[in-house]
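Okay, so here's the structure we're looking at.
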Amino acid sequence: MPPMKKITLVLLLCVSPLASSEGLPDLGDVSQAALSPAQERQIGQQSMLQIRASRQFLDDPEVNDYLNQLGSKLVEFSGEPSLGFEFFAMNDEAVNAFAMPGGFVGVNVGLLLITQSESELASVLGHEIAHVTQHHYARLLNGTKGDGLASMAAIAVAILAARNNPQTATAAIVGAQARAVQKQLDFTRVHEQEADRIGLDTLQKAGFNPHAMPEFLDRLQHATRLVEGNAPNYLRTHPITSERVADIENRVSKQPYRLMQDSLDFQLVRTKLIAAQKTSADALSYFEQAVHGEKFGNPIAQRYGLVLSLLRVQNLARATLEMQQLQLLAKNNALIDTLAGRVKQANNASDSLAFYRNALQNYPQHRALAYAYAEALLQANQAELASKILAERVNRYPADTRLYQLQARAYAAQNKQLEHHHALAYSAAWQGNLSGAIEQLEIAKQAGGNFYQMSIIESDLNELRELLGARSKK
Ligand SMILES: [Zn+2]
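So the sequence shown is residues 59 to 532, counted in the numbering used here.
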């Protein structure tokens, strides 16, 4: 059996607008032609390759799965429910969120931590979703005049960088062009008001508290002190005016205040991020204090943080005891079950297998659970079953590099050289490292396999070479 189906590389097979301004598709005069939805998607996908390869991409499937669950509740009530949005977290303390053409929405850890309710986070997502569904990028490009600046490469790099981090943007685009491009890409007041209005509508239809939107913006304006040295980027990339706030407040004032209970996942994901920001010793004392009633907060989330911290300092005995308490407090939660599995696994990998197998039946979509199970299977020398669990997920998450890395380990343990290097190739390709991927495919080819496997390798090689050629073409 081939390790992966062919479809996984198809998304990569479009000419990269990011790599050089020369080998670009001829889009004609962008000042006259709006981007087609396919072109928007292409820019978004290419930008995602760069983002996944960057250190700022938060490679935590639980955080990203949560964002996608929340996001999809909103997308359902947006103007384009079938667009196939992807939400992801960035490991960046700056308070910001950004949307890229084609439905890719990034949320910084800094913003996730500053939100005080799930409705506030949903209000930000709703606003970003509206930028996408209203095609604000395409409309911005329409507005730019056809000078040299408007090359797709400069625009795409700027979209990727300027929205999130002005320093990167300046490095990414040369000199004076940087400021001009960035200026063009800051959404106009009209775009912001439209994104607010439509985002608010989506927020309400999806059942969240509409008052969260003005409350969040208001708090952001007063919270500049929290973000060392600079005003929240969110306010810069989504310029806020008193007119804009007044407009939202006016719309919201007619709406009933909906007191919503935050989901447990919202609390747990925030707890996980808080823990990750601290040293292991600080995290432990923080959650010890929290659990013993010295901090306001959700008791389940606090105990979850405590178990997480105990596991981190390898205090297995106490982690096991506290986990038992936690499981009495909260049943039927995928994040808690995943942590319970990790505690069992740290005690004894073989003993955790039955638990993981059972939990995965309850939460088949929870990626972290599948990966932890695969990891435990590898530790217990059951690589073949690990391969099976992972292969089931490749079609669903074709861009998940962690999946391919686990697959590579599973194949190595079975001494399947071709499959091992094939998986490494996919991991490299999805991180945008095309020459590294080609290298791995060459090694896979030398390892040899059956006719079917060899023809897939050959065809992947051709695709990647074509892509690499398109990138370097002058
Ligand atoms: Zn905005």
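Ideal placement from N, C-alpha and C gives every residue a C-beta, glycine not left out.
Exercise for review: Give every residue of the same chain whose Cβ lies closer than 6 angstroms to the Cβ of residue 325, excluding the five residues on either side of it in the sequence, and list them in chain order.
Suggested key: Along the sequence shown, one-based indexing puts residue 325 at 267. Answer for residue 325: 356 and 359, listed in chain order.
Practice item. Pick helix, strand or coil for residue 156, following the three-state DSSP scheme. Key: Within the sequence shown, the letter at position 98 stands for residue 156. Looking at residue 156 - three-state DSSP - the assignment turns out to be strand.
Review point. Under the criterion of a Cβ to heavy atom distance below 7 angstroms, does residue 253 qualify as lining ligand 1?
Key: Residue 253 sits at position 195 when you count from the first residue of the sequence shown. Yes, the beta carbon of residue 253 sits closer than 7 angstroms to at least one heavy atom of ligand 1.
Check your understanding: Does DSSP put residue 432 in a helix, a strand or coil?
Key -> To locate residue 432, count along the sequence shown from 1; it is residue 374. Helix at residue 432.
Practice item. Could you spell out the range, first to last residue, of the beta strand (DSSP E) harbouring residue 145? Key: Working through the sequence shown from its first residue, we reach residue 145 at position 87. Note, residue 145: beta strand (DSSP E), 144-148.
Practice item. State yes or no: is the C-beta of residue 366 within less than 8 angstroms of the C-beta of residue 322? Key: The residue labelled residue 366 in the question sits at position 308 within the sequence shown. The residue labelled residue 322 in the question sits at position 264 within the sequence shown. No, the pair does not count as a contact, with Cβ atoms beyond the cut-off.
**Study point:** Three-state secondary structure assigned by DSSP to residue 405
**Key:** Position 347 of the sequence shown holds residue 405. Of the three classes helix, strand and coil, the one that applies to residue 405 here is helix, per DSSP.
Exercise for review: Check whether the stretch 151-158 touches the stretch 123-135, taking contact to mean three or more Cβ pairs, one atom from each stretch, closer than 8 angstroms.
Suggested key: no
Practice item. With residue 164 as the anchor, note down where its alpha helix (DSSP H) starts and where it stops. Key: Taking the first residue of the sequence shown as position 1, residue 164 is located at position 106. Element bounds for residue 164: not the alpha helix (DSSP H) but the beta strand (DSSP E), 162-166.
Point to revise | Buried versus exposed, by CB contacts within 10 Å (16 or more), residue 412 | key: In the sequence shown, residue 412 corresponds to position 354, counting from 1. Looking at its Cβ environment, which holds fewer than 16 other Cβ atoms inside 10 Å, residue 412 is exposed.
Exercise for review: Ignore the nearest five residues each way along the sequence and tell me which others in residue 144's own chain have a CB closer than 6 angstroms to its CB.
Suggested key: For the purposes of this step, residue 144 is taken as the residue at position 86 of the sequence shown. So the list reads 162, once near-sequence residues are dropped.
Check your understanding: So what's residue 345 in DSSP terms, helix, strand or just coil?
Key -> As a working mapping, residue 345 is identified with position 287 in the sequence shown. Looking at residue 345 - three-state DSSP - the assignment turns out to be helix.
Check your understanding: Can you tell me whether residue 344 is buried or exposed, with buried defined as 16 or more other CB within 10 angstroms of its CB?
Key -> Within the sequence shown, residue 344 is the residue found at index 286, counting from 1. Residue 344 comes out buried.
**Study point:** Distance between residue 428 and residue 517 (C-alpha atoms, nearest Å)
**Key:** Counting from 1 along the sequence shown, the entry for residue 517 is found at position 459. Counting from 1 along the sequence shown, the entry for residue 428 is found at position 370. When rounded, the distance between both Cα atoms is 29 angstroms.
**Study point:** DSSP state of residue 115 mapped onto helix, strand, coil
**Key:** The count along the sequence shown starts at 1 and reaches residue 115 at position 57. Here residue 115 sits in strand by DSSP.
**Study point:** Check whether residue 167 and residue 116 have beta carbons under 8 angstroms apart
**Key:** Indexing the sequence shown from 1 puts residue 167 at position 109. Indexing the sequence shown from 1 puts residue 116 at position 58. In this structure, residue 116 lies closer than 8 angstroms to residue 167 by Cβ.
**Study point:** Which listed residue (372, 306 and 252) has its alpha carbon closest to that of residue 275
**Key:** Residue numbering aside, residue 275 sits at position 217 when the sequence shown is read from its first letter. Closest option to residue 275, Cα to Cα, is 306.
Exercise for review: Kindly indicate which residue of 453, 114, 179 and 501 has the alpha-carbon position closest to the one of residue 258.
Suggested key: Walking along the sequence shown from the start, residue 258 turns up at place 200. Checking every option, the nearest Cα to that of residue 258 belongs to 179.
Check your understanding: Would you say residue 250 touches ligand 2, meaning its beta carbon is less than 7 angstroms from a heavy atom?
Key -> Ligands present in the displayed structure are limited to ligand 1, and ligand 2 is not among them.
Practice item. Confirm the yes/no value for this check: CB of residue 193, any heavy atom of ligand 1, distance under 7 angstroms. Key: If you number the sequence shown from 1, residue 193 lands on position 135. Checking every heavy atom of ligand 1 against the Cβ of residue 193, none is found closer than 7 angstroms.
Check your understanding: How would you write the range of the alpha helix (DSSP H) that residue 357 sits in, first residue to last?
Key -> Counting from 1 along the sequence shown, the entry for residue 357 is found at position 299. That run of the alpha helix (DSSP H) goes 357-370.
Exercise for review: Taking all protein chains shown into account, decide if residue 504 is buried (16 or more other Cβ within 10 angstroms of its Cβ) or exposed.
Suggested key: The residue you call residue 504 lines up with position 446 of the sequence shown. Looking at its Cβ environment, which holds fewer than 16 other Cβ atoms inside 10 Å, residue 504 is exposed.
**Study point:** Span of the alpha helix (DSSP H), counted from its first residue to its last, around residue 320
**Key:** Translated into the one-based positions of the sequence shown, residue 320 becomes position 262. Segment: none, residue 320 is in no alpha helix (DSSP H) and carries neither H nor E.
Review point. Tell me which same chain residues have a C-beta within less than 8 angstroms of the C-beta of residue 526, skipping the five on either side of it?
Key: Taking the sequence shown and counting its residues from 1, one reaches residue 526 at position 468. Closer than 8 angstroms at Cβ, skipping near neighbours: 492, 493 and 496.
**Study point:** residue 177, DSSP secondary structure in three states
**Key:** Walking along the sequence shown from the start, residue 177 turns up at place 119. Correct three-state label for residue 177: helix.
Review point. Hey, which unbroken runs of the alpha helix (DSSP H) at 4 residues or more fall wholly within the stretch 482-530?
Key: 492-505 and 509-530
Exercise for review: Within the same chain, show all residues whose beta-carbon is closer than 6 angstroms to that of residue 253, passing over the 5 residues directly before and after it, in chain order.
Suggested key: Residue mapping note: residue 253 aligns to position 195 of the sequence shown, counting from 1. These residues qualify, in order along the chain: 185, 188 and 189.
Exercise for review: Have a look at 272, 160 and 112 and flag the residue whose alpha-carbon is nearest the alpha-carbon of residue 177.
Suggested key: Here the question's residue 177 lines up with position 119 in the sequence shown. Of 272, 160 and 112, the residue nearest in Cα terms is 272.
Review point. Got a sec, what are the start and stop residues for the alpha helix (DSSP H) residue 378 sits in?
Key: Here the question's residue 378 lines up with position 320 in the sequence shown. Unbroken alpha helix (DSSP H) run through residue 378: 374-387.
Review point. Using the rule of at least 16 other Cβ atoms within 10 Å of the residue's Cβ for burial, across every protein chain shown, is residue 467 buried or exposed?
Key: If you number the sequence shown from 1, residue 467 lands on position 409. Flag for residue 467 reads buried.
**Study point:** residue 189: CB within 7 angstroms of a non-hydrogen atom of ligand 1
**Key:** Along the sequence shown, one-based indexing puts residue 189 at 131. Under cutoff, so the answer is yes.
Practice item. Confirm, please, whether the CB-CB distance from residue 256 to residue 192 is below 8 angstroms. Key: Counting from 1 along the sequence shown, the entry for residue 192 is found at position 134. Counting from 1 along the sequence shown, the entry for residue 256 is found at position 198. Yes, the Cβ-Cβ distance between residue 192 and residue 256 is below 8 angstroms.
Review point. Which residue from 251, 156, 127 and 377 puts its Cα closest to that of residue 102?
Key: Residue mapping note: residue 102 aligns to position 44 of the sequence shown, counting from 1. Of the listed residues, the one whose Cα sits closest to residue 102 is 156.
Practice item. Locate the alpha helix (DSSP H) running through residue 138, then write down its first and last residues. Key: As a first step, residue 138 must be located in the sequence shown, where it is residue number 80. Counting along the chain, residue 138 falls outside any alpha helix (DSSP H), and DSSP gives it neither H nor E.
Check your understanding: How many Å lie between residue 394 and residue 266 at the Cα?
Key -> As a working mapping, residue 394 is identified with position 336 in the sequence shown. As a working mapping, residue 266 is identified with position 208 in the sequence shown. Computed Cα separation, rounded: 25 angstroms.
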